[in-house]
Amino acid sequence: MNYGEIKNFDIANGEGVRVSLFVSGCTHHCKNCFNKETWSFDYGKPFTAETEELLLKELAPGYINGLSLLGGEPFEPQNQAVLLPFLRRVRERFPKKNIWCYTGYLFDTELLGESRARCEYTDEMLRLIDVLVDGEFVQELYSITLQFRGSSNQRIIDVKKSLASGEIAEYKPKSGRI
Ligand code: SF4
314 MNYGEIKNFD IANGEGVRVS LFVSGCTHHC KNCFNKETWS FDYGKPFTAE
364 TEELLLKELA PGYINGLSLL GGEPFEPQNQ AVLLPFLRRV RERFPKKNIW
414 CYTGYLFDTE LLGESRARCE YTDEMLRLID VLVDGEFVQE LYSITLQFRG
464 SSNQRIIDVK KSLASGEIAE YKPKSGRI
């Protein structure tokens with residue numbers, strides 16, 4: 314897996330101050346994607362053992378609320394293969410920090426149902442994630458007033474509650490507007 318960027322003081326992609334990893338590779342090709350260069354799986358730099366160590370170090374300070382995964386598309390199967398072992402380490406090392414993930418796939422019908430993203434890693438990866446922002450970016454539904462998402466079709470999902478209840482539980486950010 315390659316990645317395009319790491320932001321270690323990100324306040325836009327999830328609650329609180331976060332470390333954000335932008336992985337490479339995306340097969341959605343949404344119209345007016347803001348990040349077209351990340352469609353290529355070869356974009357950016359290789360995600361290595363050193364990258365993992367760097368991220369774990371950047372996640373350590375008390376003021377860091379958690380990790381955010383963005384893309385590209387974290388749920389492309391070849392990205393899941395690399396992200397799953399990393400997320401296990403993050404969970405083990407920082408049980409109190411939270412993990413957000415942005416995906417163009419729909420949680421219920423595509424990640425839990427049938428899609429090109431479904432693979433042997435998907436269920437465990439979902440169990441390790443706290444909040445999933447799902448759905449492709451739709452230019453016509455874009456609004457600058459939306460918090461933590463680009464278009465109003467995208468949902469902010471409490472993954473643990475949703476998996477436990479079998480119904481989509483919306484996550485309500487503690488900080489105001491969504
Ligand atoms: S899912 Fe995200 S990165 Fe992929 S095409 Fe859509 S907006 Fe771009």
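Going by my numbering, the first residue of the sequence shown is number 314, and it counts up by one from there. Backbone N, C-alpha and C fix where the C-beta goes; we use that ideal spot for every residue, glycine too. In this text the structure is predicted, and so the values were computed from the model without any measurement.
{"Check": "Using a 10 Å radius around the Cβ and a threshold of 16 neighbouring Cβ atoms, would you call Arg462 buried or exposed?", "Outcome": "buried"}
{"Check": "In whole angstroms, what separates the C-alpha of Lys487 from that of Gln460?", "Outcome": "11 angstroms"}
{"Check": "Roughly how many whole angstroms lie between the Cα atoms of Pro374 and Ile319?", "Outcome": "16 angstroms"}
{"Check": "Using only the alpha-carbon positions, how far apart do Tyr376 and Glu405 sit?", "Outcome": "18 angstroms"}
{"Check": "Is it right to say Pro387 is buried, meaning 16 or more other beta carbons lie within 10 angstroms of its own, or is it exposed?", "Outcome": "buried"}
{"Check": "Following a CB-centred definition, is Glu386 positioned closer than 7 angstroms to any heavy atom of the ligand SF4?", "Outcome": "yes"}
{"Check": "Give me, in chain order, the residues of the same chain whose beta-carbon lies closer than 6 angstroms to that of Ile442; leave out the 5 immediate sequence neighbours on both sides.", "Outcome": "Ile412, Cys414 and Val472"}
{"Check": "For Gly426, count the other beta carbons within 10 Å of its own beta carbon; 16 or more makes it buried, fewer makes it exposed. Which is it?", "Outcome": "exposed"}
{"Check": "Return the CA-CA distance between Glu328 and Phe407, expressed in angstroms with no decimal places.", "Outcome": "16 angstroms"}
{"Check": "Note down, in chain order, each residue of its chain lying with its Cβ closer than 6 angstroms to the Cβ of Ser464, except the 5 sequence neighbours on either side.", "Outcome": "Phe450, Val451, Leu454 and Tyr455"}
{"Check": "From the DSSP secondary-structure annotation, give me the bridge partner or partners of Cys414.", "Outcome": "Leu382 and Leu445"}
{"Check": "Over what stretch of residues does the beta strand (DSSP E) that includes Leu334 continue unbroken?", "Outcome": "Val330 to Val336"}
{"Check": "Can you check DSSP and say which residues form a bridge with Asn315?", "Outcome": "Pro359"}
{"Check": "Specify, as a first and last residue, the run of the beta strand (DSSP E) that Arg468 falls within.", "Outcome": "Arg468 to Asp471"}
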